[in-house]
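This report refers to the structure that appears directly beneath it.
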Amino acid sequence: MEEPKKDPDLLTLEDIREHVRHIEKAVATKEPRYVSRVIRGLVSIRRRLNPVVLRKLLQGYLNSNVALKEELLEFVVDSGPEPNGVTPFRPKSGKAIVLLPEVETYLHLLVVIYLIDLKKYAEAVKCAESLVQKVSVQNRRTLDMLAAKCYFYYSRAYELTQQLDKIRTFLHARLRTSTLRSDFEGQAMLLNLLLRNYLNFNLFEQADKLVSKSTFPESASNNEWARFLYYMGRIKAAQLEYSEAQKYLQQALRKAPQHSAVGFKQIVQKLCITVELLMGDIPDRHLFRQPSMRKTLAPYFQLTQAVLTGNLAKFNEVLAKFGAKFQGEDTYTLIIRLRHNVIKTGIRMINLSYSRISLTDIAQKLMLDSPEDAEYIVAKAIRDGVIEANIDHEKGFVQSRETSDVYTTREPMAAFHSRITFCLDIHNHSIKAMRFPPKSYNKDLESAEERREREQQELESAKEIADEDFDGFP
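Residue numbers (our numbering): -11 to 462.
Following this line, the structure appears as structure tokens:
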């Protein structure tokens, strides 16, 4: 006989009860890995939250804190009377218990997430405001990871109501407190939230100053590292430091989850492709063929083709067609800078094709207004090392020079240096990411009794050796 299927709400309540046990275990044993397991499970729980589950949770757990229970029940729509035969949810049998602050924070956080998913943003802001005020007065290390998640959804609620600028002062205050308390999870989360806040308003200078005067904690999770590296890539790209921007963006892609977070990886990949084009490199074709990237990167593929061929007309066509999309993805400003790269590519191809060509023909091929514009652009390309050529200003033509062997320059050494640095960075990050069993370091260490016994034996051995060496002479 087939077993009857369990009520999905009951399964959700059992999962949440298990999460509460993990939190209580983390507080008792001071092991943060139990809380991290609860936070990873939020994604699964989030999809199954509904008014029935939340009301049963609040009524079952918050009997000892009636004020908080009534406050949170106001945000949850009443689902009507329970049908007959349904037993009320009881978290534990026996007497009423006093809840830990960590458990209260977790239940409050579930209500905030539920309101955000229902798109009740005004109520979510109110509920999140109450949550962070209660978290802020606590000073418990076991609450740090949950508090960091609370700050994230607090900022998210304000972002969805277009009020991010109102919480900047509060986030700075919490970052200062987290740094003083060595709360690394909160420090990493708050630093990322402040960077997101600044970049949302295009305040790149303030974001750069914040990064220069703070240190991102090495022990932060991979997700927070991925976000931080992406924000750093955006800042460096806006400041024309394209090599640094590309390094940060590639590291962000490596730190991102391999089988999820597709949206984040798409955003980072778009910016990375734009930065590569600005550096004069052409992205690999396989990037545009990945199933999860093919559709969203289609405009960037057309852009890459325009830059590759040096076709200014096609570049302007792509810009006009997808301009609104580029603006929505915060890459439009960078893509406008690509116009010079398209012209440079066109000049490089002309230089390879013709040993001698007039400035009038160059202006015609590149669709420039006059030969004078062509002369200025070619002169700049020669100065930047894009092409090897001479300009005859009197006769109005460009004479190409023979290209030198690249292995006689310092370019191969620079390429090897960058690759070696990259490998060493991956090695260092891999070592830092290694985890060891708790308290395994003292497994092979001797106890105090064993040490005393060993010292006693060594002392007796030393006396015996001394007696043997003594030959009777004074």
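The beta-carbon is built from N, C-alpha and C at its ideal position, and this holds for glycine as well.
Values in this document were obtained by computation on a predicted structure and should not be read as measured data.
Is the Cβ-Cβ distance between residue 37 and residue 60 less than 8 Å? no
From residue 382 to residue 346, what does the alpha carbon distance come to, in whole angstroms? 11 Å
How about the stretch 328 to 342 and the stretch 293 to 302: do they share at least three Cβ pairs that are nearer than 8 Å? yes
So that I know if they touch, is there some Cβ in chain D lying closer than 8 Å to that of residue 151? Of the protein chains in this structure there is only one, and it is not chain D.
Do residue 219 and residue 183 have their CB atoms nearer than 8 Å? yes
Helix, strand or coil: how does DSSP classify residue 238 here? helix
Could you tell me which uninterrupted beta strand (DSSP E) segments, each at least 3 residues in length, are contained entirely in the stretch 249 to 288, listed from first to last along the chain? none
Quick one, are the C-beta atoms of residue 180 and residue 232 less than 8 Å apart? no
With 16 other Cβ atoms within 10 Å as the buried cut-off, status of residue 400: exposed
I'd like to confirm the pairing. Which residues does DSSP put opposite residue 380 in its beta bridges? 385
Runs of alpha helix (DSSP H) lying entirely within the stretch 98 to 159, each at least 4 residues, in chain order: 109 to 124 and 132 to 148
When the Cα atoms are used, what is the spatial distance from residue 283 to residue 290? 12 Å
Give a yes or no on whether the C-beta atoms belonging to residue 366 and residue 350 are separated by under 8 Å. yes
Segments assigned beta strand (DSSP E), at least 3 residues, entirely inside the stretch 293 to 358: 344 to 346
If residue 88 and residue 11 are in contact, beta carbons under 8 Å, what's the gap, nearest whole angstrom? 7 Å
When the Cβ atoms of the stretch 242 to 252 are set against those of the stretch 197 to 207, are three or more pairs found closer than 8 Å? no
If you measure between the beta carbons of residue 176 and residue 145, is that distance less than 8 Å? no
Let me make sure I understand the geometry here. Which of 167, 123 and 223 has the alpha-carbon closest to that of residue 191? 223
As a quick exercise: from 303, 255 and 102, pick the residue whose alpha carbon is nearest that of residue 43. 102
Simplified DSSP state of residue 165, which is helix, strand or coil: helix
Counted within 10 angstroms of its Cβ, other Cβ atoms place residue 409 as buried (16 or more) or exposed: exposed
My assumption, with CB atoms under 8 Å, is that residue 377 sits in contact with residue 416. Please give the rounded CB distance. Contact doesn't hold; Cβ gap of about 44 Å is too wide.
Alpha carbon to alpha carbon, how far is residue 94 from residue 81? Give it in angstroms, no decimals. For residue 81, the pLDDT reaches just 42, beneath the cut-off of 50, and the residue's location in the model is therefore unreliable, although a value from the coordinates is still provided. Residue 81 and residue 94: Cα-Cα distance of roughly 21 Å.
Between which two residues does the alpha helix (DSSP H) containing residue 375 stretch? It is not in any alpha helix (DSSP H) - residue 375 carries neither H nor E in the DSSP assignment.
Can you tell me where the alpha helix (DSSP H) with residue 12 in it begins and where it stops? -4 to 17
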